[in-house]
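K.L.:
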Amino acid sequence: MLVSKTMPNTITETPDWLREMEAILEELNEGVVVVDDQLRVIFANEALMRMGHFERNEIQGCTPDAIFPTEDLPYIKRQHESGHRYGRHRSEFYLPRKDGGKIPAIFSGRVIQGPDKQDYVLLTVTDISAQKGIEEQLRESNSLLQKRQDEMEAELTLAAHVQQSLAPHSLVWKNLAVEAYYSPARTIGGDFGVVLPQSDDSLSIVVADVSGHGVGSALMANRIYSETLHALGRKTDPGALLREIHHFVHTRIPVNGFFFTMAAARFSEDGRRLSFSAASQPPAILVSNGTLRLLESRNGILGCLSEVVPSELPEEVDLEPGDRLVIYTDGLVEVFNSSHDMFGAERLKDLVQKSATLPLAEMQRAILNGAAAWSHGPLADDVSLVIVEVR
């Protein structure tokens, strides 16, 4: 359709050649409009009348400016010119309704030549109200989903800040230096650690790994962390600590299938004595004068089984200046390369031995970089790493 001066209020007759096609055009479910070279409507089928709520005499003979508001006429003109240039056009617009409403529609136009050698434009008008309704519902749904996603991300960001407070912290205490690292596999995770000076008597270190990932594991880790701090406040030794936390989780947080692992170390005031207990943690590595010694877990997993109560006494180890203790969670060694080979404890031991003479922070970076270089893709589990040096 094209901008045109409003024609006199007369009825434009449908040409005889077009009347022969009326029966076919009236059978179509889509609206059909034919306009002449003066842009007058010379035919509109019943489907179009129903769409616009028009009577035939209200649209027959009309030009675009009698149907569309003035501000839309330039667009209609451009579409009409494009149709004449290329012989056809297709666009999404709307059909005005008699009551002032608008029906979203697809307009498909084609230039045809009548037996009178005059050019006409045949337009099919497809009502897409249902499609637009669905699109609007999808937009509203997507908007709600985006809002919920933003809320969840804000909550996860807050949770990540809280979770980070559960990470072990690096420090220097008397004759001991501690370098600590924590990285969750997702925004939040299930590992936690404690590096806690206890007055001037000792330094306690705990590294724990809660089963699972995500929000649930983070909540469990947070609760166990709080109970661990409470127990350490009573200067509980490593063996008793494992027993107390196991009993607490088993009786106060009885979740089917839930478990956790833990390693606990206590260093004497002068750093020359280590008391160590672990339950299902990968072996801690003690480096002394270039020699590696593994401190194995002597207890099973904690939390889910009443019969698995830590009973072994802590392992007591004498230390010398320069000795280093490496405690970590299994996320550091359960890393796979592109051939599905695991990084494993043996490769970690090699890294520890090769980097044991480096400054503490550089040793930590060497270990983490070695595991990352082995990994094919992002790490699949939370990673905690604590290195303690006796000075």
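Residue numbers for the sequence shown, in the working numbering: 15 to 405. All C-beta atoms in this analysis are idealised placements derived from N, C-alpha and C, irrespective of residue type, glycine included. Keep in mind it's a predicted model, so treat the numbers as computed, not measured.
1) Alpha carbon to alpha carbon, how far is M166 from R417? Give it in angstroms, no decimals.
2) Thinking just about the alpha-carbon of each residue, which of R405, I56 and V400 is nearest to the one in S184?
3) Report the CB separation of T265 from A222 in whole angstroms; it is logged as a contact under 8 Å.
4) Do you know whose CA, among I299, E27 and D215, lies nearest E283's CA?
5) To the nearest angstrom, how far is it from the Cα of L233 to the Cα of Q178?
6) Under the rule that 16 or more other beta-carbon atoms within 10 Å means buried, what is P78, buried or exposed?
7) Quick one: what's got a C-beta closer than 6 Å to V224's C-beta in the same chain, skipping five residues either side?
8) Can you round the beta-carbon distance between V404 and N189 to whole angstroms, since I take them to be within the 8 Å contact cut?
9) Would you mind sorting R307 into buried or exposed? The rule is 16 or more other CB atoms within 10 Å of its CB.
10) Taking T140 as part of the beta strand (DSSP E), name the residues at either end of that continuous run.
11) Counting beta carbon pairs with one atom in the region 317-337 and one in the region 280-295, are three or more of them shorter than 8 Å?
12) Quick check on the DSSP output: the beta strand (DSSP E) that includes V263 runs from which residue to which?
13) Using 10 angstroms around the beta-carbon of R257, count the other beta-carbons present and answer buried if the total reaches 16, otherwise exposed.
14) With respect to the alpha helix (DSSP H) encompassing P88, which residues constitute its N-terminal and C-terminal limits?
15) Please state whether DSSP places E193 in a helix, a strand or coil.
16) Apply the 10 Å Cβ neighbour rule to V192 and answer buried if 16 or more other Cβ atoms are within range, or exposed otherwise.
17) Classify R153: buried if its beta carbon has 16 or more other beta carbons within 10 angstroms, exposed otherwise.
18) Bridge partners for I341 per DSSP, in chain order?
19) DSSP on G207, reduced to helix/strand/coil?
20) Which of the three DSSP states is assigned to R307 in this structure?
21) Take the Cβ of L383 as the centre, count every other Cβ of all protein chains shown within 10 Å, and call the residue buried at 16 or more, exposed below.
22) Could you give the distance in angstroms between the alpha-carbon of H390 and the alpha-carbon of L180?
23) For the beta strand (DSSP E) containing A11, list its first residue and its last residue.
24) When we look at the beta-carbon of D50 and count the other beta-carbons within 10 Å, is it buried (16 or more) or exposed?
P.N.:
So, from the listed chains and residues:
1) Not covered by the structure: residue 417. The range shown for the chain is 15 to 405.
2) V400
3) Contact flag wrong, Cβ pair sits at about 18 Å.
4) D215
5) 13 Å
6) buried
7) G204, S231, M234, A235 and F274
8) 6 Å
9) exposed
10) D133 to D141
11) yes
12) No beta strand (DSSP E) holds V263; the alpha helix (DSSP H) holding it covers P252 to R266.
13) buried
14) L87 to Y100
15) strand
16) buried
17) exposed
18) V400
19) strand
20) strand
21) In the sequence as displayed, the identity of residue 383 is Asn instead of Leu. It is exposed - the Cβ of N383 has fewer than 16 other Cβ atoms within 10 Å.
22) 28 Å
23) Residue 11 lies beyond the range of the chain shown here (15 to 405); nothing can be said about it.
24) buried
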